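**Q** Taking UniProt numbering, the leading residue of the sequence shown gets 1, the next gets one more, and so forth.
Just so it is clear, CB atoms sit at the ideal spot from N, CA and C, and this is done for glycine as well.
As the structure is a computational prediction, the values presented were derived from the model and not from experiment.
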Amino acid sequence: MRDNLLDIRRIYFEPAAAELPRGREILGRFPGAELVEVERHDRIPELYGDEANVARWVRIKTESLVLGTKKSLTARPNGRSSDFVAPSTANGCAMACAYCYVPRRKGYSNPITVFANIDKITGYLARHAARQGVKPEPDQVDPHAWVYDIGENSDCSVDATISRNVRDLVELFRDLPNAKASFATKYVNRDLLGWDPRERTRIRFSLMPEADSKLLDIRTSPVAERIAAIDDFVAAGYEVHVNFSPVVVRDGWLEDWAELLDRLGDGIGAAARERLAAEVIFLTHNDRLHEVNLGWHPKAEEVLWRPDLQQPKRSQTGGWNVRYRTGQKGRYVAALTDLINERLPFCRIRYAF
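(1) Contact check, Arg40 vs Glu14 under 8 Å by CB: the rounded distance?
(2) Give the DSSP bridge partners of Trp146, in chain order.
(3) Answer yes or no: do residue 377 and Val303 have a C-beta to C-beta separation smaller than 8 Å?
(4) Go ahead and pull the three-state DSSP assignment for His41.
(5) Taking the CB atoms as reference points, tell me whether Arg62 and Asp7 lie closer together than 8 Å.
(6) Can you list, in chain order, the residues of its chain with a C-beta nearer than 6 Å to that of Asn165? Leave out the 5 residues immediately preceding and following it.
(7) Excluding the 5 residues preceding and the 5 following Ile44 in the sequence, name in chain order all residues of the same chain whose CB lies nearer than 6 Å to its CB.
(8) With DSSP run on the structure shown, which of helix, strand or coil describes Tyr351?
(9) Check the DSSP bridge columns for Gly185 and list the partner residues they point to.
(10) Starting from Gln316 and walking both ways along the beta strand (DSSP E), at which residues does that stretch end?
(11) Run through the region 40-85 for me and flag every whole alpha helix (DSSP H) of 4 or more residues, listed as ranges in chain order.
(12) Given that a residue counts as buried once 16 or more other Cβ atoms are within 10 Å of its Cβ, and exposed if not, what is Glu274?
(13) I need the straight-line Cα distance from Ala255 to Glu210, nearest angstrom please.
(14) What are the complete beta strand (DSSP E) segments, minimum 3 residues, inside the region 102-142?
(15) Let's test the definition: count the other Cβ atoms within 10 Å of the Cβ of Thr326 and tell me whether it reaches 16, buried, or not, exposed.
(16) I need the boundaries of the alpha helix (DSSP H) containing Arg22, first residue and last residue.
(17) So what does DSSP say about Phe346, is it helix, strand or coil?
(18) Which residue wins for smallest C-alpha separation from Lys199, given the options Leu215, Arg219, Leu176, Leu125?
(19) What whole-angstrom Cβ distance do Ile150 and Phe183 have, given they're in contact under 8 Å?
(20) Do the CB positions of Thr220 and Phe205 come within less than 8 Å of each other?
(21) With DSSP as the reference, identify every bridge partner of Tyr99, one or two as the case may be.
(22) Under 7 Å Cβ to Cβ from Tyr187, same chain only, skipping five residues before and after it: list those, please.
(23) Compute the Euclidean distance between the alpha carbons of residue 437 and Ala179, then round it to the nearest angstrom.
(24) Please say whether Ile230 and Val240 have beta carbons closer to each other than 8 Å?
(25) Helix or strand or just coil, what does DSSP make of His297?
Here it is in structure tokens:
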């Protein structure tokens with residue numbers, strides 16, 4: 001665990017979660033924490049919806065943990081990064097990336113919530129995968145397996161420092177003949193190297209130029225450390241891809257991406273090169289997160305909130321999302337994908353948008 005990423009001092013818990021074996025394990029890991037009983041993990045007034053929490057944004061992530069149960073178990077069809085998005089075993093994060101979409105849903109605070117009913121979640125996934133049968137034909141997600149994203153609302157590498165939930169998922173998919181797990185991460189957790197995934201879990205290391213990462217990837221592992229870990233995770237039996245995400249357009253952005261691509265190409269060996277693939281995702285930002293960031297990290301908004309380059313679109317939750325303007329964005333995507341093909345000709349681009 002990176003120094004100061006977590007220093008859990010208060011645990012908000014649902015009684016039902018605390019009674020489950022996984023809940024008892026988690027509570028046992030933080031014996032000195034203050035325990036606060038709550039009716040629901042997603043309705044804690046002092047965490048969610050209180051504007052005063054903006055000033056304590058990082059402190060809350062560091063010191064608070066929420067323990068609950070996952071009520072709704074659904075594998076949502078995806079089709080881009082994965083075939084399905086698995087039911088979450090956690091949401092929120094101890095890291096503080098300025099562009100993260102998860103805080104939009106939680107409001108002013110985003111500590112980790114861990115779900116203790118892991119047996120129900122893994123049982124559901126095993127049954128769901130069995131119902132899919134054999135994948136009928138290859139697609140850009142995977143040529144053979146149904147792929148389940150297990151980390152849409154959290155970073156699994158960080159979650160694994162709190163409980164066995166992520167390891168249970170890796171071990172589940174290790175034994176499923178027709179399915180794989182997948183998650184993106186910005187945190188290098190070398191404990192995962194001993195889990196023997198047998199290439200049934202795909203880790204996607206998220207990468208961006210160093211200048212962007214230092215400004216926007218708050219409390220994450222350095223980009224150089226993520227690149228240096230790729231060969232080790234390949235050797236440990238993971239399928240390793242990369243996410244070039246989010247791509248932020250600013251002065252000099254393509255030159256900095258060229259430097260990053262060269263560092264990646266020079267930093268990995270033949271085994272990683274042989275199967276490397278990338279997802280390319282340009283920035284989408286949000287007016288509500290923009291307002292939150294202005295309260296704790298306004299410098300980030302100088303590159304994230306660019307009305308001169310972006311256009312708004314009403315979100316499903318009633319706010320406004322902003323993304324690079326139609327037409328211009330297509331030129332940005334083409335410029336970066338051309339650069340990837342030039343600098344990393346062995347890296348397959350799974351999709352770019």
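**A** According to the structure data:
(1) As a first step, residue 40 must be located in the sequence shown, where it is residue number 40. As a first step, residue 14 must be located in the sequence shown, where it is residue number 14. Indeed, because the Cβ distance is near 7 Å, the residues count as touching under 8 Å.
(2) Numbered from 1 along the sequence shown, position 146 holds the residue referred to as residue 146. Answer is Ala179, bridged to Trp146.
(3) Not covered by the structure: residue 377. The range shown for the chain is 1 to 353.
(4) Here the question's residue 41 lines up with position 41 in the sequence shown. Residue state, collapsed to three classes: coil.
(5) Residue mapping note: residue 62 aligns to position 62 of the sequence shown, counting from 1. Residue mapping note: residue 7 aligns to position 7 of the sequence shown, counting from 1. Note on identity: in this sequence residue 62 is Thr, with Arg being the wrong assignment. It is a contact, given that the beta carbons lie within the stated cut-off.
(6) Residue mapping note: residue 165 aligns to position 165 of the sequence shown, counting from 1. Cβ within range, chain order: Thr89, Ile118.
(7) For this step, residue 44 is matched to residue 44 along the sequence shown. Excluding positions up to five away in sequence, the list reads Tyr12, Val38.
(8) If you number the sequence shown from 1, residue 351 lands on position 351. Three-state result, Tyr351: strand.
(9) Residue 185 sits at position 185 when you count from the first residue of the sequence shown. Before going on, a small fix: residue 185 reads as Thr here, not Gly. The partner list for Thr185 (beta bridge, DSSP) reads Phe205.
(10) Here residue 316 corresponds to residue number 316 of the sequence shown, with the count starting at 1. Segment: none, Gln316 is in no beta strand (DSSP E) and carries neither H nor E.
(11) 57-63
(12) On the sequence shown, residue 274 is found 274 positions in, with the first residue counted as 1. Result: exposed.
(13) Your numbering for residue 255 matches position 255 in the sequence shown. Your numbering for residue 210 matches position 210 in the sequence shown. What sits at residue 255 in the sequence shown is Glu, not Ala. When rounded, the separation of the alpha-carbon atoms in Glu255 and Glu210 is 12 Å.
(14) 112-115
(15) One-based indexing of the sequence shown puts residue 326 at position 326. That one is exposed.
(16) Along the sequence shown, one-based indexing puts residue 22 at 22. DSSP places Arg22 inside the alpha helix (DSSP H), whose first and last residues are 21-29.
(17) Position 346 of the sequence shown, counted from the start, is the residue given in the question as residue 346. Here Phe346 sits in coil by DSSP.
(18) Your numbering for residue 199 matches position 199 in the sequence shown. A small correction: the amino acid at residue 199 is Glu; Lys does not occupy that position in the sequence shown. The candidate whose alpha carbon is nearest that of Glu199 is Leu176.
(19) Along the sequence shown, read from residue 1 onward, the residue named residue 150 stands at position 150. Along the sequence shown, read from residue 1 onward, the residue named residue 183 stands at position 183. Rounded, the Cβ-Cβ distance is 5 Å, consistent with contact.
(20) Numbered from 1 along the sequence shown, position 220 holds the residue referred to as residue 220. Numbered from 1 along the sequence shown, position 205 holds the residue referred to as residue 205. No, Cβ-Cβ distance for Thr220 and Phe205 is not below 8 Å.
(21) The sequence position of residue 99 within the sequence shown is 99, counting from 1. Per DSSP, none; premise fails for Tyr99.
(22) What you label residue 187 is simply residue 187 of the sequence shown in a count that begins at 1. Excluding positions up to five away in sequence, the list reads Met95, Asp155, Ser157, Val158, Thr220, Ser221.
(23) Here the chain covers residues 1 to 353 and nothing more, so residue 437 does not appear.
(24) Taking the sequence shown and counting its residues from 1, one reaches residue 240 at position 240. Taking the sequence shown and counting its residues from 1, one reaches residue 230 at position 230. The answer is yes: Cβ separation under 8 Å.
(25) The residue given as residue 297 occupies position 297 in the sequence shown. The answer is coil: DSSP assigns His297 none of H, G, I, E or B.
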